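Asker: First the structure, then my questions, so here it is.
Number of protein chains: 2
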Amino acid sequence: MKLATEDFDRISKALADPQRRAILQKLAMTGKLNCSDVGAFFDVSQPTVSHHLKELATAHVVEKEKQGQFCFYHVNNEVLSAYVSELQRRLGLNAVLAAPHAR
Amino acid sequence: MKLATEDFDRISKALADPQRRAILQKLAMTGKLNCSDVGAFFDVSQPTVSHHLKELATAHVVEKEKQGQFCFYHVNNEVLSAYVSELQRRLGLNAVLAAPHAR
DNA sequence: TGATGATATAGATGTTCATCAATATGTTTA
DNA sequence: TAAACATATTGATGAACATCTATATCATCA
Numbered sequence: 001m002k003l004a005t006e007d008f009d010r011i012s013k014a015l016a017d018p019q020r021r022a023i024l025q026k027l028a029m030t031g032k033l034n035c036s037d038v039g040a041f042f043d044v045s046q047p048t049v050s051h052h053l054k055e056l057a058t059a060h061v062v063e064k065e066k067q068g069q070f071c072f073y074h075v076n077n078e079v080l081s082a083y084v085s086e087l088q089r090r091l092g093l094n095a096v097l098a099a100p101h102a103r
Numbered sequence: 104m105k106l107a108t109e110d111f112d113r114i115s116k117a118l119a120d121p122q123r124r125a126i127l128q129k130l131a132m133t134g135k136l137n138c139s140d141v142g143a144f145f146d147v148s149q150p151t152v153s154h155h156l157k158e159l160a161t162a163h164v165v166e167k168e169k170q171g172q173f174c175f176y177h178v179n180n181e182v183l184s185a186y187v188s189e190l191q192r193r194l195g196l197n198a199v200l201a202a203p204h205a206r
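Protein sequence lines correspond, in order, to chains A and B.
Take the first sequence: its letter number 57 is residue 57 in this note's numbering, and every next letter is one higher.
With positions in the second sequence counted from 1, the corresponding number in this note's numbering is that position plus 103.
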């Protein structure tokens, strides 16, 4: 999967905030949570949680799934993997793996 | 190599800014540059370049090497690799590799 | 239908931060 | 030593943003 520059930038920004990283990590560990559940883990207001989840969803690192009045979120592993790959590529960390061994 | 939480957070913040990512990528591509060289690639003032390089150095993703009046910078691959690994760990992206294939 | 509950939005506030101009510090060379 | 150059620091400014309270929207249930 290929990330557009715009997407890469947005994901970088989404991952810049510690609170958002904590929420994302919690989602990665638990698999799926609704908004209230996420909020229960952290000492921030409900609107703040909602805001962070929206940022993560806009960056496509999580996906939103509405079920009645609830709203479940789960991580998008494909996008996250693509992000990490692109990050490695830009930082030259995969040169050894990708290059056909430059003798 | 193991990253302390504080280091991980600082690196995340260092990578959050597009200009800093561009500088880091340029360093990764060229291997080693002094401050002026870096500045020549981008349309920002000298103090801004100096500031960004300092941020990157404080996060240990680049290393500073003073030679006379010049100051060379190069990426620290060990730290960057450790950062990416820790990021993958937190996001649960290495589960497939690490786990003995569920079932 | 009205009450309760879940989530989203609006608006405000304080903080962080990217950037710049000006200046300081340190180094080389004429 | 004086001038020229490389880099760092200081202080200011405007923008981005994390967070909150208050309120709106939407769904469920009695």
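All C-beta atoms in this analysis are idealised placements derived from N, C-alpha and C, irrespective of residue type, glycine included.
Everything numeric in this text was worked out from a predicted model, so none of it was measured.
Give the residues from the segment 9 to 30 of chain A that approach chain B closer than 8 angstroms (Cβ to any Cβ), ordered along the chain.
Answerer: Those residues of the segment 9 to 30 of chain A that come within reach of chain B (Cβ to Cβ, closer than 8 angstroms) are ASP9, SER12, LYS13, LEU15, ALA16, PRO18, ARG21, LEU24, GLN25, ALA28 and MET29.
Asker: Are the CB atoms of ILE114 of chain B and ALA162 of chain B within a distance shorter than 9 angstroms?
Answerer: For the purposes of this step, residue 162 of chain B is taken as residue 59 along the second sequence, with counting starting at 1. For the purposes of this step, residue 114 of chain B is taken as residue 11 along the second sequence, with counting starting at 1. It is a contact, given that the beta carbons lie within the stated cut-off.
Asker: Using only CA atoms, which one of B:LYS129, B:ALA119 and B:ASN137 lies nearest to GLY171 of chain B?
Answerer: As a position in the second sequence, residue 171 of chain B is number 68, starting the count at 1. Per the Cα distances, B:ASN137.
Asker: Is there a Cβ of chain A sitting closer than 9 angstroms to that of VAL141 of chain B, yes or no?
Answerer: For this step, residue 141 of chain B is matched to residue 38 along the second sequence. Cβ-Cβ to chain A under 9 angstroms: no for VAL141 of chain B.
Asker: Can you give me the C-alpha to C-alpha distance between LEU196 of chain B and LEU15 of chain A, rounded to a whole angstrom?
Answerer: For the purposes of this step, residue 196 of chain B is identified with residue 93 of the second sequence, where counting begins at 1. For the purposes of this step, residue 15 of chain A is identified with residue 15 of the first sequence, where counting begins at 1. Roughly 15 angstroms separates the two Cα atoms.
Asker: For ASN180 of chain B, return the contacting residues in chain A, with the cut-off set at a CB-CB distance below 9 angstroms.
Answerer: Position 77 of the second sequence, counted from the first residue, corresponds to residue 180 of chain B. Near ASN180 of chain B (Cβ distances below 9 angstroms), the residues of chain A are LEU91, GLY92 and LEU93.
Asker: Are at least three pairs of beta-carbons, each pair with one atom in the segment 70 to 83 of chain A and one in the segment 21 to 40 of chain A, less than 8 angstroms apart?
Answerer: Short answer: they touch.
Asker: Quick one: using the 10 Å Cβ neighbour count with 16 as the cut-off for buried, is GLU65 of chain A buried or exposed?
Answerer: Position 65 of the first sequence, counted from the first residue, corresponds to residue 65 of chain A. Per the 10 Å Cβ criterion, exposed.
Asker: If you reduce the DSSP assignment to three classes, tell me which class HIS51 of chain A lands in.
Answerer: Numbered from 1 along the first sequence, position 51 holds the residue referred to as residue 51 of chain A. In the structure shown, HIS51 of chain A sits in a helix (DSSP, three-state: H, G or I).
Asker: Decide if HIS204 of chain B is buried, meaning its Cβ has at least 16 other Cβ atoms within 10 Å, or exposed.
Answerer: The residue you call residue 204 of chain B lines up with position 101 of the second sequence. With a pLDDT of only 48 at HIS204 of chain B, under the threshold of 50, the placement of this residue in the model should not be trusted, and no figure is reported.
Asker: State yes or no: is the beta carbon of VAL187 of chain B nearer than 9 angstroms to at least one beta carbon in chain A?
Answerer: For the purposes of this step, residue 187 of chain B is taken as residue 84 along the second sequence, with counting starting at 1. Yes, its Cβ sits closer than 9 angstroms to a Cβ of chain A.
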